[in-house]
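**Student:** Take a look at the following structure, please.
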RNA sequence: CGGGGCGUGGCUCAGCCUGGUAGAGCGCUUGGUUCGGGACCAAGAGGUCGGAGGUUCAAAUCCUCUCGCCCCGACCA
């Protein structure tokens, strides 16, 4: 077992940090709350980005880029928006530096109007859209941007909440309220499908209560995932902004019947937080476990040999397997040192590596790749060479099997990865269902909350009740699920059946998900 | 911002109470033996002890100030 990783049972927070370190994903930066995303972590983000981007393009969106700096005055234009973001804005007030006379430096010239570093881009994009949109013919405007944003957080955790993070933010403008609502829900569906099929994270999609709504939105939808400690992680959001921003920024268009109206806008985003979600959904006490769809390295081949003549024969054999797996010639490229050979899997950008490092013994290499979450490891030694076989170990369950070498083709690899991908999703879904409970009394809810999980409880729909529960238990309404039926440990639960709010005693139109959250 | 804790080679930490001029384990480098689930031997490299000031013949150690980080609370993708 891994000696450099604290077990989940002992200390879940420390486990999370240990997995990131052992998996070579990110480092803390010299600046509090920021992180250095290392190549292996960034490779995961690239695979997330590319596959999401393809989905955005498929739904008619195009990419653009808006500036990092936003005039402070812009933020003031939408009342709720300022209220929500004012406290977490980084503000630029000076330009230039000068000697402070004590061997250090100090800011020099104060600038006229302070700039804020974008915490999100509704305002600058609203301002821009006002210039771009004149007519109904300019609509819908469907734009996404990949960017970094800054939010001055008090407490941070790598990937889950950092002061600077990478994300995508879609910003669309429409002719009608209905179209905006359709877009909002469409992107929620895109996120849901992506989370489940690419990240192998089962999510519940639903709407946020007023208290949890995005600052400036009419309606906020989200996908909520359950981590292995039973806490909820908001993994993506989609907002119907109504005409709040179009009125604040005067985004108007001439209608088909020659009137002038404000447009209806939406925004939606996911961030590098998803990587934290992947870790807390799939990783185990041995380290990272990556869904194959976002694994920068899908296969690590570890050669085993003692003598020089063994080494040569085994390496030749291993290279042959590598060529077979990638479905063609091995295009060797170094990864983190000249001793690891790497071939790109055509059409996926992911890689197969052959670990040639002479300084390490096979067990060291097993741990190395295992802790990085590589889905498939193939071990080949003299015995395999002689028998025409290879030992295959899958990361999901760490099961070993002996496979005939000719079977190890690209088709075999794709099938194996697909099986692993599905197994992760199934496992995570079973985990969530086993920790989802319908509760009918406040006592029952409070008694079981410390054990973690999603609690399906009736709610009278008032902010007062929600606030009381939050203050007394630290649990919040994660969402009002879109689906009528949710699976729980005790079987399917009808979320729309009416009942009584156990806290207030008032009538309830249905159940919502309560949970403690990240 | 309130409450706690901690700053000593790349990492984890000992030494501080009772001042005497810096140590261990891991990691790293080189060579050798090893090699199918975290090896071993040998030889090395690497630290102005977070910073500034003070006390003293002498400060990692005592005093003052300061900076930074971590944990817990109030806010959040």
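Numbering (this note's numbering), first residue to last: 2 to 519. Note that CB positions come from ideal geometry on N, CA and C, so glycine has one too.
(1) Please go through the same chain and pick out, in chain order, the residues whose beta-carbon is closer than 6 Å to the beta-carbon of residue 23, but skip the five residues on each side of it.
(2) Roughly how many angstroms separate the alpha carbons of residue 45 and residue 250, rounded to a whole number?
(3) Assign residue 62 to buried or exposed, taking buried as 16 or more other Cβ atoms, counted over all protein chains shown, within 10 Å of its Cβ.
(4) Could you check whether residue 82 and residue 217 sit closer than 7 Å to each other, using their CB atoms as the reference points?
(5) Closer than 7 Å by C-beta to residue 89: which residues in its own chain qualify, once you throw out the five before and the five after it? Chain order, please.
(6) My output table needs one value for residue 458: the three-state DSSP class, helix, strand or coil.
(7) Return the residue from the list 502, 193 and 100 that minimises the CA-CA distance to residue 270.
(8) Could you pull out every unbroken alpha helix (DSSP H) segment of at least 4 residues lying fully inside the segment 157 to 233, listed in chain order?
(9) Nearest to residue 1 by CA position, among 458, 425 and 450, is which residue?
(10) Would the segment 396 to 412 count as touching the segment 164 to 179 if we require 3 or more Cβ pairs under 8 Å?
(11) What residue does the beta strand (DSSP E) around residue 263 start on, and which one ends it?
(12) What's the C-alpha gap between residue 489 and residue 219?
(13) Relative to the alpha-carbon of residue 293, which residue among 12, 114 and 425 has its alpha-carbon at the smallest distance?
(14) Going by DSSP, which residues form a beta bridge with residue 147?
(15) In the DSSP assignment, what residue or residues form a beta bridge with residue 356?
(16) Scan the segment 413 to 486 and note each continuous alpha helix (DSSP H) run of 4 residues or more that stays entirely inside, going in chain order.
(17) Under 8 Å: do the segment 224 to 242 and the segment 189 to 207 share three or more Cβ pairs, one atom per stretch?
(18) Rounding to the nearest angstrom, what Cα-Cα distance links residue 1 and residue 97 in this structure?
(19) If I'm right that residue 139 touches residue 66 with Cβ under 8 Å, what's the distance once you round it to whole angstroms?
(20) Beta-carbon separation of residue 409 and residue 318 under 7 Å?
(21) With hydrogens ignored, establish whether the beta-carbon of residue 6 is closer than 6 Å to any heavy atom of the ligand NAP.
**Tutor:** Quick look at the numbers:
(1) Numbered from 1 along the first chain, position 22 holds the residue referred to as residue 23. Correct list, in chain order: 5, 6, 288 and 372.
(2) Taking the first chain and counting its residues from 1, one reaches residue 45 at position 44. Taking the first chain and counting its residues from 1, one reaches residue 250 at position 249. Cα to Cα, the separation comes out at about 37 Å.
(3) By one-based count along the first chain, residue 62 stands at place 61. Counting Cβ neighbours within 10 Å, residue 62 comes out buried, since at least 16 surround it.
(4) One-based indexing of the first chain puts residue 217 at position 216. One-based indexing of the first chain puts residue 82 at position 81. It is a contact, given that the beta carbons lie within the stated cut-off.
(5) For the purposes of this step, residue 89 is taken as residue 88 along the first chain, with counting starting at 1. Result list for residue 89: 120, 152, 153 and 154, in chain order.
(6) Position 457 of the first chain holds residue 458. The answer is strand: DSSP assigns residue 458 an E or B state.
(7) For the purposes of this step, residue 270 is taken as the residue at position 269 of the first chain. The residue with the shortest Cα to Cα distance from residue 270 is 193.
(8) 178 to 198
(9) The displayed coordinates of the chain run from 2 to 519. Any statement about residue 1 would go beyond what the structure contains.
(10) no
(11) On the first chain, position 262 is the one that residue 263 refers to. Here the beta strand (DSSP E) through residue 263 covers 261 to 263.
(12) Translated into the one-based positions of the first chain, residue 489 becomes position 488. Translated into the one-based positions of the first chain, residue 219 becomes position 218. Answer to the nearest angstrom: the Cα atoms are 30 Å apart.
(13) For the purposes of this step, residue 293 is identified with residue 292 of the first chain, where counting begins at 1. The shortest Cα separation from residue 293 among 12, 114 and 425 belongs to 425.
(14) As a first step, residue 147 is located in the first chain; it is residue number 146 there, counting from the start. Paired residues: 169.
(15) Your numbering for residue 356 matches position 355 in the first chain. Partner(s): 341.
(16) 443 to 450 and 464 to 474
(17) yes
(18) Nothing can be reported for residue 1: it is not among the residues displayed for the chain, which extend from 2 to 519.
(19) As a first step, residue 139 must be located in the first chain, where it is residue number 138. As a first step, residue 66 must be located in the first chain, where it is residue number 65. About 19 Å; that fails the 8 Å criterion.
(20) Against the first chain, residue 409 aligns to sequence position 408. Against the first chain, residue 318 aligns to sequence position 317. No; because the gap between Cβ atoms is not below 7 Å, this pair is not in contact.
(21) Ligands are entirely absent from the displayed structure, and the ligand NAP is therefore not among its contents.
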